[in-house]
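Protein chains in written order, with the numbering used here: chain A, 9 to 350; chain B, 1218 to 1364; chain C, 679 to 998.
A virtual CB, placed ideally from N, CA and C, is assigned to each residue, including glycine.
On a predicted model such as this, the values are computed, not experimentally measured, just so you know.
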Amino acid sequence: MYKIAKENLPDLYEAIAETNTLYIPVKKAGQTNFEQWTRSAEVDIKTLKTVKSPKDAFFPQSENLYTCGKEGKKITITLEALTDESFVVFGMKACDVRGVEVLDKVFLAEPVDTFYAARREHGIIVAMACNEPELSCFCKVFGIDCTEPSGADVITWLIGDELFWRPVTEKGEMLTDSVKRLLSDGDDAAVEAKREEISKIVSKIPNMRLSLDGWGRDDKLERFNSPLWEDLYKPCIACGTCTFVCPTCQCYDIKDYDTGHGVQRYRCWDSCMYSDFTLMAHGNNRTSQMQRFRQRFMHKLVYFPTNNDGMYSCVGCGRCVNKCPQNLNIVKVIKAFKKEGV
Amino acid sequence: MPMNDNAEFRPKIVAFCCNWCSYAGADLAGSSRLTYPADVKIIKVPCSCRVNPMFILRAFEKGADGVIMCGCHPGDCHYSTGNYYARRRMTLLFSMLDYIGVEHGRTRVEWVSAAEGVKFSATMNEFVEKIKSLGKNVRLGDLRCRS
Amino acid sequence: MQELINRTKELLADGTVARVLGWRRGDLPTNPEPAYFNDGESLSEFVYNGFCGANLSKYMIEASELDGRTLVFLKPCDTYSFNQLLKENRVDREKAYIIGVGCKGKISEASLNAIGIKNVIDVKGAELTDACDTLTIETLTGNTTCAYRDAMLERCHVCRGKEYVVYDELIGDSADTVDGDRFDEVRKIEAMSPEERFAFFKAELSKCIRCNACRNVCPACSCRKCVFDSTKFDSAQKANSDSFEEKMFHIIRAFHVAGRCTDCGECSRVCPQGIPLHLLNRKFIKDINTLYGDFCAGESAEGATPLTSFTFGDAEPGTV
């Protein structure tokens, strides 16, 4: 266990950035999101939840796959280079890290997504315990411990005027070695006390006790055919807010962009809420918003766990709870089914 | 080959010209042997009213440095009133572009009749000079379209 | 609120309306959602308070396709949106039974967060009938209070007034909430240098995540298919590839609703990134008022709009 004084954090960022690209929560025009660190960036590690999840670091909202060009009568195809330099994502919360583990199940399964795999290989996750879990959080429901994020390379705790730092993987040890000159020895007792303190807040949050009875691998068809969906989807305006702030949503679309001197084939996040979701030449297999709405929750709470040994593809970060324009969210869906007793 | 920094900046200009007046004006400029820079690319539209603000922004997106729209003089529209509507639209759009910080002068509207070959050529020469003085369009283009 | 429920029950019982479009209590006091109610029994979940900011008029497009009349609750500003939809033949007046509800300004969890009040478990003082202008708030970390005004949405600070432009009956009184001029912010931006303006909008618009919430919630954005959703369009409506795409999207969207936007403020309310989108719409409204005479979209369901009319002496583009 190491530690560093809060006032020396800019030096730590600087040191990390010497050998890595550093992504960190940055406040821009009033909103905090993960951005590439620069000396002039307004770093904000106090805000609990960035608006967008940090999944961009591993699975960017838009990325080029290859570029076609024309030289005389010849057509050239240039594959987009894979990430080959290490980068650090600093300040990911326990739910965000689990989000990446969910993405792993999708993108690292055969056929492996090479763009994603390269980023995972070169990415180092410095996670941070949640100091003040909020009312919209329900990570505990999915077995996530926000007092000590798992799956990260380094775990940190912000305690008083100090940041405690514990490397947990080889990658984490290496990063620690490269910044060791800035760190001093820390003591486990302070961290244990902090974890205790956070757990107390967690125990006060009602949604942390949400029951997932009936979800998961059972009764797929019954849930699918429930008349409740017809009522639940009604206020949905079919925007993509919930899917775009979500740490686990992984659907993407592939499109071609005509640059005037070639064509770029790129992929961009898709949203099951959009009318052109899974649109094919023959048309669309989900023709109503109710079906698209249902897809999102069935996917997260039924299909995904069915295919991935019970792992839900919701991590309880609560971003959709905070951001839905019409106040719909996955918690309300779970509660509605609970209430109906189905 | 790296671009020579001293090479003259050749702006890309898109000119939307209505079929009835301005395109005929451009034609007259040509047949009268009046010159205007080849950097101006004309897109013929049935009426200036056909020009959707999206056309203007798409032109910038795809790499135009300046966009000009030409139509019949107010009162002379082939369809009676098309250019009056176009005028309001462009007035509001240009004001909005100015508002979001795009350099004033990158867009322009000029009314050119079929008899005004001279005006057409003079307008284009003038507009190209204006865009040259403003330099490359960096505020509205899509990065992917930069060569 | 009870008055609304009682009257609604009557109208459902005597068959005047087939269903009700209102707000349903959420799992927290801060998150009621728009909802349909089909019978008197389900109205036990009905709620109307300061957190019911959603403008229900756009849902009436869908409700106009249903059998029978739909009772809809509209706040004064929402009636302008409804009237505008009526003008564009997107809603059916005969299918709507409009109860104009009183409004004392709308508040939101986001505005509470902005003034440092988070994790709201309970709120007192948000009911329309609460005469006090203070909110008493219970949070996860303790109790606090704040002025109702401080939790209000931006749009309510520049509220257009208490008038209803279309309704069948009215229930409840509205309060004066105005304490600013809605064009002040626009003027402030106009006074900046082009470089400053560019930097300002770049910083704001580059936050856009292309969720399309602004478009989908907007009562003026009622196209059956949006141009940005076209499969022939090479910049996807959801792609975030280059900052220009969102710039183009927001300019075109604002332009398309110019002369039709009632300044209901829903776009800014729903933006997950807090982009002040109303600044684009208000610029068009201000320009229209200055150049073509004062115009208020939605005020009347008849007549031409500024962009579907002209005068011979209109200003030339680029001169203003």
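Asked, Found
"Of the listed residues C:I953, C:S789, C:L763 and C:T757, nearest to F1003 (chain C) (C-alpha basis)", "The structure shown has nothing for residue 1003 (chain C), since chain C only spans 679 to 998."
"Between the CA atoms of A1246 (chain B) and F1337 (chain B) - distance to the nearest angstrom", "7 Å"
"Coarse secondary structure for V695 (chain C), derived from DSSP in three states", "coil"
"Touch test, the segment 264 to 282 of chain A against the segment 113 to 121 of chain A, Cβ-Cβ under 8 Å, three pairs minimum", "no"
"Simplified DSSP assignment, three categories, for T855 (chain C)", "coil"
"Residue from C:L955, C:Y726, C:P995 and C:D857 whose Cα sits closest to the Cα of K925 (chain C)", "C:L955"
"C-beta neighbour in chain C for D1359 (chain B), strict 7 Å", "yes"
"The segment 1286 to 1297 of chain B touching the segment 1230 to 1245 of chain B, judged by at least three CB pairs closer than 8 Å", "yes"
"Best match in A:G270, A:Q334, A:G349 and A:R304 for proximity to K78 (chain A) [C-alpha to C-alpha]", "A:G270"
"heavy atom of the ligand GDP below 6 Å from I213 (chain A) C-beta", "As far as ligands go, the structure on display features none, and thus does not contain the ligand GDP."
"Buried/exposed call for C254 (chain A), threshold 16 Cβ in 10 Å", "buried"
"Neighbour list for K1279 (chain B) in chain A, Cβ cutoff strictly below 9 Å", "D266, T267 and G268"
"Assigned exposure category for P1263 (chain B) - 16 Cβ within 10 Å defines buried", "exposed"
"Residues that Q69 (chain A) contacts on chain B, provided the C-beta gap is smaller than 7 Å", "By Cβ distance, chain B contributes nothing, its closest Cβ being about 15 Å from Q69 (chain A), past 7 Å."
"Close Cβ partners of N41 (chain A) (< 6 Å) along its chain, the five nearest in sequence each way excluded", "T58, V59 and K60"
"Beta carbon proximity, C1362 (chain B) to chain A, threshold 7 Å", "yes"
"Helix, strand or coil at M288 (chain A) [DSSP, three-state]", "strand"
"Below-7 Å beta-carbon distance, Q272 (chain A) vs any chain B residue", "yes"
"Extent of the continuous beta strand (DSSP E) run through I13 (chain A)", "The displayed chain sequence assigns Ala, not Ile, to residue 13 (chain A). Residues Y10 to A13."
"P995 (chain C) vs M1313 (chain B) beta-carbon contact at 7 Å", "no"
"Alpha-carbon spacing of R697 (chain C) relative to A792 (chain C), whole angstroms", "37 Å"
"Residues, ordered as in the chain, of the segment 724 to 749 of chain C that lie near chain A by beta-carbon distance below 7 Å", "A732"
"Neighbouring residues, chain B, relative to K961 (chain C) (Cβ below 8 Å)", "S1312, M1313 and Y1316"
"One or two residues paired with K36 (chain A) in a DSSP bridge", "A:Q39"
"Contact with chain E by A1276 (chain B), beta-carbon distance below 7 Å", "Protein chains in the displayed structure are A, B and C, and chain E is not among them."
"Reference M298 (chain A); option with closest CA among A:R275, A:Q258, A:F312 and A:F232", "A:F232"
"Nearest-angstrom Cβ-Cβ length linking P313 (chain A) and G224 (chain A), presumed shorter than 8 Å", "5 Å"
"Contact set for P157 (chain A): own chain, Cβ-Cβ below 6 Å, skip 5 residues either direction", "A102, V105, A135 and I163"
"Chain-order list of residues whose beta-carbon lies under 7 Å from that of G839 (chain C) (same chain, five-residue window excluded)", "P754"
"Beta carbon of R747 (chain C) nearer than 7 Å to that of V798 (chain C)", "no"
"Inter-residue CB distance, L813 (chain C) and Y826 (chain C) (contact presumed, cutoff 8 Å)", "6 Å"
"Chain B within 7 Å of R875 (chain C), Cβ atoms only", "yes"
"Q303 (chain A): first and last residue of the uninterrupted beta strand (DSSP E) it sits in", "That residue, Q303 (chain A), is in no beta strand (DSSP E); its alpha helix (DSSP H) goes Q297 to M306."
"C-beta neighbour in chain B for P897 (chain C), strict 7 Å", "no"
"Minimum Cβ-Cβ distance from P1270 (chain B) to chain C less than 7 Å", "yes"
"M1220 (chain B) versus I1260 (chain B) - alpha carbon distance", "With a pLDDT of only 49 at M1220 (chain B), under 50, the local geometry of the prediction cannot be trusted, and no value is derived from it."
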